[in-house]
Amino acid sequence: MNNKKITKIFIKTKAKNYNVIIGENILKNVNKYFNCNRNVLIITDKNIPQIYIDVVKNKCKNPYIYKIKQGEDSKNFFNVKKILKFLLKNNFSRKDAIIAIGGGVVGDLSAFVASIYMRGIDFFNIPTSLLAQVDSSIGGKTGIDFYNVKNVVGSFYQPTAVLIDISTLNTLTDRHINNGLVEIIKIAATCDKKLFDRIKGTKNLKRDIRSIIERAVVLKKKIVESDTLEKNTRKVLNFGHTIGHAIEESCNRKYLHGESVGIGMLYFSSKIVRDEIKKVLIKYNLPVSCKINKNKIYELLMHDKKMSSNNIDTIYVNEIGKFKIKKMQVKKIINLM
Ligand code: GLY
Numbered sequence: 000m001n002n003k004k005i006t007k008i009f010i011k012t013k014a015k016n017y018n019v020i021i022g023e024n025i026l027k028n029v030n031k032y033f034n035c036n037r038n039v040l041i042i043t044d045k046n047i048p049q050i051y052i053d054v055v056k057n058k059c060k061n062p063y064i065y066k067i068k069q070g071e072d073s074k075n076f077f078n079v080k081k082i083l084k085f086l087l088k089n090n091f092s093r094k095d096a097i098i099a100i101g102g103g104v105v106g107d108l109s110a111f112v113a114s115i116y117m118r119g120i121d122f123f124n125i126p127t128s129l130l131a132q133v134d135s136s137i138g139g140k141t142g143i144d145f146y147n148v149k150n151v152v153g154s155f156y157q158p159t160a161v162l163i164d165i166s167t168l169n170t171l172t173d174r175h176i177n178n179g180l181v182e183i184i185k186i187a188a189t190c191d192k193k194l195f196d197r198i199k200g201t202k203n204l205k206r207d208i209r210s211i212i213e214r215a216v217v218l219k220k221k222i223v224e225s226d227t228l229e230k231n232t233r234k235v236l237n238f239g240h241t242i243g244h245a246i247e248e249s250c251n252r253k254y255l256h257g258e259s260v261g262i263g264m265l266y267f268s269s270k271i272v273r274d275e276i277k278k279v280l281i282k283y284n285l286p287v288s289c290k291i292n293k294n295k296i297y298e299l300l301m302h303d304k305k306m307s308s309n310n311i312d313t314i315y316v317n318e319i320g321k322f323k324i325k326k327m328q329v330k331k332i333i334n335l336m
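For the record, in the sequence shown the residue sitting at position 177 is 176 according to numbering that gives the first Met the number 0, with numbers rising by one throughout.
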């Protein structure tokens, strides 16, 4: 693999067009892809290697750093308020920008703040987890959790650009790589059998990861471009998430997001697909079942933001690479468990 190669994937939405830049060791070129010649607030978390932050900071004309605690609990109003205050106190104007460096939590929170500060300032994302690189950094979903309901407060706000430096994956544990891989398995199981077979068959994920990421981003691009605001086909990206989110919350975060979604996908698949997905999850040491508290899950599903008139649009996979949207009552979903 030529590690100097840069891939640019152009995403076109009604709100904004932007590039997703993919390469190895490209953090140091951040100012080539992002306009860093202004006030820039770098939002990151306390577990992100300092070297990533320093490399980006050194390319910004007027950098500020804001670190949050790692983990889903940071997606809250308290942090939103604190960051807004920080921006205001440091005289950030409409022409200034936010750069997120981190996983989905940092990205979702930072993008939300960028979307509401002065009615929207430039937001750049540098996703450093596999999950964020292939899913949450693309497509403009921003948000925080509220009263234990995940992402219930948020907006659609497209980034100005996304930079994926594959080498940041080197500092992740296998558990976090496999956790992110679930979002790729999800998009492959619903939309691309060839990709599914690649993930199933590869003997060297590390070697193949870049092309797998690139394919996942292209698939996500197509979905986001065709239905940015999730009126219809974008719902496919929620495959496994209805029960997955509920598992994540009800098991007190014992399982990571991807791990919970992996279990969730098994409930909405035909027997053949379930067996196929299970094999892949096991291959990557991902859980395939967990202890379920139906009452707790019922309560969480009742607050699911995808619910309307007691129904939730769920994604069902009958055959790898294809999906159907099915309206289901919460009671029926619980009965699947
Ligand atoms: N993460 C799901 C979506 O972007 O729609």
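All residues carry an ideal CB built from backbone N, CA and C; glycine is no exception.
{"Check": "Just curious, the alpha helix (DSSP H) that Leu-335 is in, first and last residue?", "Outcome": "First-last for Leu-335: undefined, no H or E at that position."}
{"Check": "Write down every uninterrupted run of the beta strand (DSSP E) in the region 116 to 177 whose length is 3 residues or greater and which is fully enclosed by it, in chain order.", "Outcome": "121 to 126, 143 to 145, 148 to 152, 160 to 164"}
{"Check": "In chain order, what residues of the same chain lie with their CB nearer than 8 Å to the CB of Val-133, ignoring the 5 residues before and after it?", "Outcome": "Gly-179, Glu-182, Ile-183, Ile-186, Ile-212, Ala-215, Val-216, Lys-219"}
{"Check": "Using 8 Å as the cut-off, classify the Cβ of Lys-140 as near or not near the heavy atoms of the ligand GLY, replying yes or no.", "Outcome": "yes"}
{"Check": "Run the proximity test for Arg-209: is its beta-carbon closer than 8 Å to any non-hydrogen atom belonging to the ligand GLY?", "Outcome": "no"}
{"Check": "Out of Lys-199, Cys-190, Val-54, Lys-81, which has the shortest C-alpha to C-alpha gap to Gly-320?", "Outcome": "Cys-190"}
{"Check": "Output the distance between the C-alpha atoms of Thr-232 and Tyr-297, rounded to the nearest integer angstrom.", "Outcome": "25 Å"}
{"Check": "Give me the Cβ distance between Leu-26 and Val-54, rounded to the nearest whole Å; I'm assuming they're in contact under 8 Å.", "Outcome": "5 Å"}
{"Check": "Which first and last residues belong to the alpha helix (DSSP H) in which Asp-312 is found?", "Outcome": "No alpha helix (DSSP H) holds Asp-312; the beta strand (DSSP E) holding it covers 310 to 315."}
{"Check": "Distance check for Ala-99 and Val-105, CA to CA, integer angstroms please.", "Outcome": "6 Å"}
{"Check": "Based on the DSSP output, what are the partners of Asp-44 in its beta bridges?", "Outcome": "Ile-67"}
{"Check": "Do you know offhand how far Met-301's Cα is from Glu-71's?", "Outcome": "21 Å"}
{"Check": "Answer yes or no: the CB of Asp-134 versus the heavy atoms of the ligand GLY, is any distance below 8 Å?", "Outcome": "yes"}
{"Check": "Whose C-alpha, out of Ala-96, Tyr-116, Tyr-32, is nearest the C-alpha of Asn-61?", "Outcome": "Ala-96"}
{"Check": "With DSSP run on the structure shown, which of helix, strand or coil describes Val-287?", "Outcome": "coil"}
{"Check": "Taking 8 Å as the cut-off, is the beta-carbon of Val-104 closer than that to any non-hydrogen atom of the ligand PLP?", "Outcome": "This structure lacks the ligand PLP; the ligands present are the ligand GLY."}
{"Check": "Along the beta strand (DSSP E) that carries Lys-325, what are the first and last residues, could you check?", "Outcome": "323 to 328"}
{"Check": "For Leu-299, which of Ile-314, Cys-250, Lys-325, Arg-273 has the nearest alpha-carbon?", "Outcome": "Cys-250"}
{"Check": "Going by other Cβ atoms of all chains shown within 10 Å of its Cβ, with 16 needed for buried, is Cys-289 buried or exposed?", "Outcome": "exposed"}
{"Check": "Relative to the C-alpha of Thr-170, which residue among Lys-3, Ile-242, Ser-136, Ile-50 is closest?", "Outcome": "Ile-50"}
{"Check": "Quick test of the definition: if touching needs 3 or more C-beta pairs under 8 Å, does the region 157 to 172 touch the region 27 to 44?", "Outcome": "yes"}
{"Check": "For Phe-145, I'd like the list of residues in its chain whose CB is within less than 6 Å of its CB, leaving aside the five on either flank, ordered along the chain.", "Outcome": "Val-151, Val-152"}
{"Check": "Of all the alpha helix (DSSP H) runs that stay within the bounds of the region 179 to 214, which reach a length of 4 or more residues?", "Outcome": "192 to 200"}
{"Check": "For Thr-6, list the residues DSSP reports as bridge partners.", "Outcome": "Ile-21"}
{"Check": "When DSSP labels each residue in this structure, what does Ser-269 get in the three-state scheme?", "Outcome": "coil"}
{"Check": "Quick one: is Ile-137 buried, meaning 16 or more other Cβ sit within 10 Å of its Cβ, or exposed?", "Outcome": "buried"}
{"Check": "With DSSP collapsed to three states, give me the class of Asn-30.", "Outcome": "helix"}
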